[in-house]
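Engineer: In the numbering used here, the protein residues as written are 2 to 514.
I am attaching a structure below and will ask some questions about it afterwards.
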Ligand code: BG6
């Protein structure tokens, strides 16, 4: 179907996409999985869209010894698996890639890196602006920044040129105390403007469009409050299990891995107040304000309003068997790590008083889906004799984040024919149908923003702190009184434990499936 078939008119785009100033990106952990699956394909995607700086280089850094040529072969393989159609420009892109190796805690490695990056800056005329991307386990963040700092690599020019920026992948700490400690260490060496805390959910197209949808249309915002909204559901379900990340995941669990970051950011965007402008600091401030307005759970509420569970053995939709979490390679035999969390929360402000928000995320669900569903209140009275007020379905607005990006609105309409039959129909807007392309990967947007110095789509220090303030008491309650909030189980390939269904039934509703 094309936009013509759906009778959607796409107006003149009002956008600016400016390529950044010349710079180089130094990727720590360059031989790792995230770099192969996300970072390199995203850089190549930007290259093909002419959004990389005109003068640019990629310098890989990792422990594995490799020549530039060997690194380029790896880069080629990663890119070809993500962009099989992009062979033409690939050689030009590979010519921008170099590699150096060393230990992350060895000062000499950083002295070599300093030499190597200056050479690259000269060879590629990249103006000495450097973006350091730490695709590293969190325990290496502070030590790497310390060495970069000691080697003079984070030092910027007096007028901010050349600039030096550091990008951190989550998790930002393990709990409130460790997050604050990490941040204090980083802030003793870097200015806030140099720090980019990545949350790839913020780079997803539909997540980005939430603010535009809410604040660039006059028709939704007047309804966006307790008077018209019944409840909100935020779901991030994954069909995959823990995969090859058991070492990290078994220590983290779903609450740290998904709730403290992605879920909180989506909640903040859907519920925050309008910022005074689309300026990075204003937007980030409003997100933080919203996080501060979430009512903290008391100990009792943690037991009644937060469900945690782990997947047991189960079956896929196609009938094939799925292993239990405890049988996955690398998982501790008696691990009590949760792979699923559902929570009910309230926001204590004028707009949202009394409106329940239900959040759930889990691995090994029946399918992959991320969405925010806003259910409006029912009509106050039914004038259609055959339908009582209670039978009239409510309008639901669904912000579809993945796998299919778009927006659906469920409304009631008359079925054609002589009788007065009513049914629910969906006004559906699908990105790829309307714009004829799939939206670019989140990492493309976020990498571009790092190079442009735009921090709108990144976590602020205050945001990280506010999210941990909410989440840490849950972790503590689970640790200290496990019998009061027990770890439940659900079959792999199902929508989670019954307790999660009961949680939403407290308001007489069901999770969307
Ligand atoms: C990551 C988590 O941040 O997000 C993973 O660490 C999770 O456990 C992933 O699988 C989900 O991202 P996406 O983009 O596939 O929904």
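A virtual CB, placed ideally from N, CA and C, is assigned to each residue, including glycine.
Predicted model, so just to flag it, every value in this text is computed and none were measured.
Report yes or no: do the stretch 366-385 and the stretch 346-353 share at least 3 C-beta pairs separated by less than 8 Å?
Structural biologist: no
Engineer: Between residue 34 and the ligand BG6, is there a pair consisting of the residue's CB and a ligand heavy atom that are separated by less than 6 Å?
Structural biologist: When distances are taken from the beta-carbon of residue 34 to the heavy atoms of the ligand BG6, even the shortest one reaches 6 Å or more.
Engineer: Under 6 Å: does the beta carbon of residue 258 sit that close to some heavy atom of the ligand BG6?
Structural biologist: yes
Engineer: Rounded to the nearest angstrom, what separates residue 177 and residue 450 at their Cα positions?
Structural biologist: 27 Å
Engineer: In terms of residue numbering, what span does the beta strand (DSSP E) encompassing residue 371 cover?
Structural biologist: 370-377
Engineer: Assuming contact is defined by CB atoms lying nearer than 7 Å, are residue 105 and residue 135 in contact in what I supplied?
Structural biologist: no
Engineer: Does DSSP put residue 290 in a helix, a strand or coil?
Structural biologist: Helix.
Engineer: Is the separation between the beta-carbon of residue 378 and that of residue 250 shorter than 7 Å?
Structural biologist: no
Engineer: To the nearest whole angstrom, what separates the beta carbons of residue 494 and residue 317, a pair I think is in contact under 8 Å?
Structural biologist: 5 Å
Engineer: Counting only runs that start and end within the stretch 396-447, where is the alpha helix (DSSP H) found for 4 or more residues in a row?
Structural biologist: Listed in chain order, the complete alpha helix (DSSP H) runs (minimum 4 residues) inside the stretch 396-447 are 432-436.
Engineer: Can you check the stretch 202-229 for any alpha helix (DSSP H) of at least 4 residues that lies completely inside it and give the ranges in chain order?
Structural biologist: 206-216
Engineer: Helix, strand or coil for residue 20 per DSSP?
Structural biologist: Looking at residue 20 - three-state DSSP - the assignment turns out to be coil, as it is neither helix nor strand.
Engineer: Within 8 Å, do at least three Cβ pairs link the stretch 357-368 to the stretch 228-248?
Structural biologist: A contact is defined here as three or more CB-CB pairs under 8 Å, and the stretch 228-248 meets this definition with respect to the stretch 357-368.
Engineer: For residue 50, name the three-state secondary structure that DSSP assigns.
Structural biologist: coil
Engineer: Using a Cβ-Cβ cut-off of 8 Å (strictly less than) and excluding sequence neighbours within five positions of residue 180, which residues of its own chain qualify?
Structural biologist: 173, 174, 465, 466, 469
Engineer: Relative to the C-alpha of residue 306, which residue among 442, 414, 487, 272 is closest?
Structural biologist: 487
Engineer: So, for residue 118: in the same chain, excluding its five sequence neighbours on each side, which residues have a beta-carbon less than 8 Å away from its beta-carbon?
Structural biologist: 25, 27, 60, 131, 154
Engineer: Quick one: measure Cβ to Cβ for residue 262 and residue 185, integer angstroms, because I've assumed they're closer than 8 Å.
Structural biologist: At roughly 20 Å, the Cβ-Cβ gap does not stay under 8 Å, so residue 262 and residue 185 are not in contact.
Engineer: So what does DSSP say about residue 303, is it helix, strand or coil?
Structural biologist: helix
Engineer: Could you check the C-alpha separation between residue 36 and residue 285 for me, to the nearest Å?
Structural biologist: 27 Å
Engineer: Under the assumption that residue 432 contacts residue 463 (Cβ atoms under 8 Å), give the Cβ distance between them as a whole number of angstroms.
Structural biologist: The C-beta distance from residue 432 to residue 463 rounds to 32 Å, too long to meet the 8 Å contact threshold.
Engineer: Go ahead and label residue 396 buried or exposed: buried means 16 or more other beta carbons lie within 10 angstroms of its beta carbon, across all protein chains shown.
Structural biologist: So residue 396 ends up on the buried side.
Engineer: My guess is that residue 73 and residue 47 are in contact by the Cβ rule of under 8 Å, so how many angstroms apart are they, rounded?
Structural biologist: Incorrect: roughly 18 Å between the Cβ atoms, too far for contact.
Engineer: Helix, strand or coil: which one does DSSP assign to residue 111?
Structural biologist: helix
Engineer: Counting C-beta neighbours from all protein chains within 10 Å, is the total for residue 213 16 or more, i.e. buried, or is it exposed?
Structural biologist: exposed
Engineer: Let me check understanding here. Comparing Cα to Cα, which of 413, 443, 297, 480 lies closest to residue 390?
Structural biologist: Out of 413, 443, 297, 480, 413 has the C-alpha closest to the C-alpha of residue 390.
Engineer: For residue 326, list the residues DSSP reports as bridge partners.
Structural biologist: According to DSSP, residue 326 bridges with nothing at all.
Engineer: Going by CA-CA distance only, name the one from 100, 124, 269 that's closest to residue 113.
Structural biologist: 100
Engineer: What residue from 392, 443, 343 has the CA that sits closest to residue 503's CA?
Structural biologist: Ranking the options by Cα distance to residue 503, first place goes to 343.
Engineer: Should the stretch 300-314 be regarded as contacting the stretch 266-277, the criterion being three or more beta carbon pairs within less than 8 Å?
Structural biologist: no
Engineer: Relative to the alpha-carbon of residue 68, which residue among 83, 52, 102 has its alpha-carbon at the smallest distance?
Structural biologist: Per the Cα distances, 102.
Engineer: Which residue's Cα is closest to the Cα of residue 476: 512, 299, 85?
Structural biologist: 299
Engineer: Around the C-beta of residue 321, are 16 or more other C-beta atoms found within 10 angstroms, so that it is buried, or is it exposed?
Structural biologist: Looking at its Cβ environment, which holds fewer than 16 other Cβ atoms inside 10 Å, residue 321 is exposed.
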